[in-house]
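Enquirer: Numbering of the sequence shown is given in our numbering, commencing with residue 1 and proceeding in unit increments.
Positions of the beta carbon are idealized from the N, C-alpha and C atoms, including for glycine.
Being a predicted model, the structure only gives us computed values, none of them experimental.
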Amino acid sequence: MKRIFVVDDEVDVTELLEYKLKQAGYAVRAINDPLRTIGLARDLRPDLIILDMMMPDLSGVQLLRMIRGDGVLQDIPIIFLTAKGDITDKVKGLESGADDFMTKPFDARELLLRVKSLLRRAKSAAAKPLTRLSAGGLLMDIEKHEVTAEGSVVDLTATEFKLLRILLDRKGRVQSREELLADVWNYSPDLETRTVDTHVRRLREKLGSAGDTIETIRGVGYRMSN
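This is how it looks when you write it as structure tokens:
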């Protein structure tokens with residue numbers, strides 16, 4: 001059974017969505033407090049999130065960016081809900097990483113169709129994993145375990161390859177040093193954040209001019225540029 005996570009500060013909206021989604025055969029968890037979103041989402045590991053755009057304390061756009069920057073949650077399909085029909089809001093939501101967008105009041109039947117469509121697309125994408133990743137002059141062939149920079153093969157260690165793959169796979173999204181420590185080194189207790197910096201520096205040196213695609217986000221971490 002697919003799991004749907006609904007976040008909206010309006011109780012009547014969450015109650016309606018919970019009823020309609022359960023009626024359609026989904027397992028549903030709905031909350032009205034946006035501040036609980038990330039923690040609960042990590043526990044639930046939902047197959048899809050329905051997220052309200054305008055909420056107090058933490059906006060949907062802020063939450064969306066947090067989700068897209070989270071190593072555990074980043075690939076979950078997200079439908080944005082908003083009371084505004086302004087095209088600017090729609091563009092803002094989609095640019096922040098939303099997969100779909102609906103304006104309140106919405107037709108429940110249409111929402112269910114969009115949920116079904118997104119889940120089908122997510123299943124299809126999972127069944128066909130990417131074998132090549134690229135950015136600028138970088139090309140990674142995952143099956144061959146080979147990286148080329150500006151057309152030349154680069155000799156990387158297993159750790160460097162894993163680090164680069166994560167950055168390429170999350171291209172355009174900021175990855176904190178803590179996230180990289182967790183995903184590359186599994187939070188080995190004897191590591192400090194400078195370990196990430198050291199590996200990124202060595203990786204850039206090996207990649208030459210193509211290493212410029214790895215951007216430093218001061219005080220946070222790194223991002224692979226688009």
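In the DSSP output, what is PHE106 paired with across the bridge?
Expert: Along the sequence shown, read from residue 1 onward, the residue named residue 106 stands at position 106. PHE106 is not bridged to any residue.
Enquirer: Just to confirm my understanding: we take GLY69, look at its own chain, exclude 5 residues before and 5 after, and list those with CB closer than 6 Å. What are they?
Expert: Sequence index remark: in the sequence shown, residue 69 carries index 69 (1-based). Taken in chain order, the residues that qualify are ARG173, VAL174.
Enquirer: Is DSSP giving VAL184 helix, strand or coil here?
Expert: For this step, residue 184 is matched to residue 184 along the sequence shown. Of the three classes helix, strand and coil, the one that applies to VAL184 here is helix, per DSSP.
Enquirer: Suppose you measure from the CA of GLU178 to the CA of ILE166; what does that come to, to the nearest Å?
Expert: By 1-based counting over the sequence shown, the position of residue 178 is 178. By 1-based counting over the sequence shown, the position of residue 166 is 166. So the alpha carbons of these two residues sit roughly 13 Å apart.
Enquirer: At the level of alpha carbons, what is the spacing between LYS162 and HIS145?
Expert: Start at 1 with the first residue of the sequence shown, and residue 162 comes out as number 162. Start at 1 with the first residue of the sequence shown, and residue 145 comes out as number 145. Taking the straight line from one Cα to the other gives about 10 Å.
Enquirer: Considering only residues of the same chain and omitting the five flanking positions on each side of VAL72, which have a CB-CB separation below 7 Å?
Expert: Stepping through the sequence shown from its first residue, residue 72 is reached at position 72. Once the five neighbours on either side are set aside, the close Cβ partners of VAL72 are ARG42.
Enquirer: Comparing C-alpha positions only, which one of VAL115, ASP183, GLY221, LEU207 sits nearest to ASP100?
Expert: Within the sequence shown, numbered from 1, the residue matching residue 100 stands at position 100. Of VAL115, ASP183, GLY221, LEU207, the residue nearest in Cα terms is VAL115.
Enquirer: Using DSSP with H/G/I as helix, E/B as strand and the rest coil, what is VAL7?
Expert: Counting from 1 along the sequence shown, the entry for residue 7 is found at position 7. Here VAL7 sits in strand by DSSP.
Enquirer: Just how far apart, CA to CA, sit GLN11 and ILE38?
Expert: Taking the sequence shown and counting its residues from 1, one reaches residue 11 at position 11. Taking the sequence shown and counting its residues from 1, one reaches residue 38 at position 38. Here residue 11 turns out to be Val, not Gln, going by the sequence shown. Cα to Cα, VAL11 sits roughly 19 Å from ILE38.
Enquirer: With distances taken Cα to Cα, identify the nearest neighbour of GLN74 among ALA98, LEU181, PRO105.
Expert: Here residue 74 is taken as the residue at index 74 of the sequence shown, counted from 1. Comparing Cα-Cα distances from GLN74 to each of ALA98, LEU181, PRO105, the minimum goes to ALA98.
Enquirer: So ILE142 is in the beta strand (DSSP E); what residue range does that whole segment cover?
Expert: Translated into the one-based positions of the sequence shown, residue 142 becomes position 142. Run containing ILE142: none; DSSP gives neither H nor E here.
Enquirer: Beta-carbon within less than 7 Å of HIS199's beta-carbon, same chain only, minus the 5 sequence neighbours each way: which residues are those?
Expert: The residue labelled residue 199 in the question sits at position 199 within the sequence shown. Excluding sequence neighbours, HIS199 sits near THR159, GLU160, LEU163.
Enquirer: DSSP puts ARG132 in a beta bridge; with which residues?
Expert: By 1-based counting over the sequence shown, the position of residue 132 is 132. DSSP lists ASP141 as partners of ARG132.
Enquirer: So what does DSSP say about VAL200, is it helix, strand or coil?
Expert: Start at 1 with the first residue of the sequence shown, and residue 200 comes out as number 200. In the structure shown, VAL200 sits in a helix (DSSP, three-state: H, G or I).
Enquirer: Take GLY25 as the anchor and find which of LEU51, LEU44, LYS2 has the nearest alpha-carbon.
Expert: On the sequence shown, residue 25 is found 25 positions in, with the first residue counted as 1. For GLY25, the nearest C-alpha among the options comes from LYS2.
Enquirer: Less than 7 Å separating the beta-carbons of GLY221 and SER176?
Expert: The count along the sequence shown starts at 1 and reaches residue 221 at position 221. The count along the sequence shown starts at 1 and reaches residue 176 at position 176. Yes, Cβ-Cβ distance for GLY221 and SER176 is below 7 Å.
Enquirer: What residues in its chain sit with their C-beta under 8 Å from that of THR131, if we drop five residues either side in the sequence?
Expert: Numbered from 1 along the sequence shown, position 131 holds the residue referred to as residue 131. Here the set comprises ASP141, ILE142, GLU143.
Enquirer: I believe ASP8 touches LEU94 by the beta-carbon criterion, under 8 Å. Please report the beta-carbon distance rounded to the nearest angstrom.
Expert: Start at 1 with the first residue of the sequence shown, and residue 8 comes out as number 8. Start at 1 with the first residue of the sequence shown, and residue 94 comes out as number 94. Not quite, the Cβ-Cβ distance comes to about 19 Å (not below 8 Å), so this is no contact.
Enquirer: So, using beta-carbon positions, are LEU35 and LEU63 closer together than 7 Å?
Expert: Counting from 1 along the sequence shown, the entry for residue 35 is found at position 35. Counting from 1 along the sequence shown, the entry for residue 63 is found at position 63. In this structure, LEU63 does not lie closer than 7 Å to LEU35 by Cβ.
Enquirer: Considering just the uninterrupted stretch of the beta strand (DSSP E) at GLU215, what are its terminal residues?
Expert: As a position in the sequence shown, residue 215 is number 215, starting the count at 1. Looking at the DSSP string, the run of the beta strand (DSSP E) that includes GLU215 is 214-217.
Enquirer: Just mark LEU113 as buried or exposed, buried being the case when its beta carbon has 16 or more other beta carbons within 10 Å.
Expert: In the sequence shown, counting from the first residue as 1, residue 113 sits at position 113. When all chains shown are included, LEU113 counts as exposed.
Enquirer: At the level of alpha carbons, what is the spacing between ARG29 and PRO105?
Expert: Counting from one through the sequence shown, the residue named residue 29 turns up at place 29. Counting from one through the sequence shown, the residue named residue 105 turns up at place 105. About 21 Å.
Enquirer: Leaving out five residues before and five after SER152 in sequence, what residues of the same chain have Cβ atoms less than 7 Å from its Cβ?
Expert: Mapped onto the sequence shown, residue 152 falls at position 152. Excluding sequence neighbours, SER152 sits near nothing in its chain.
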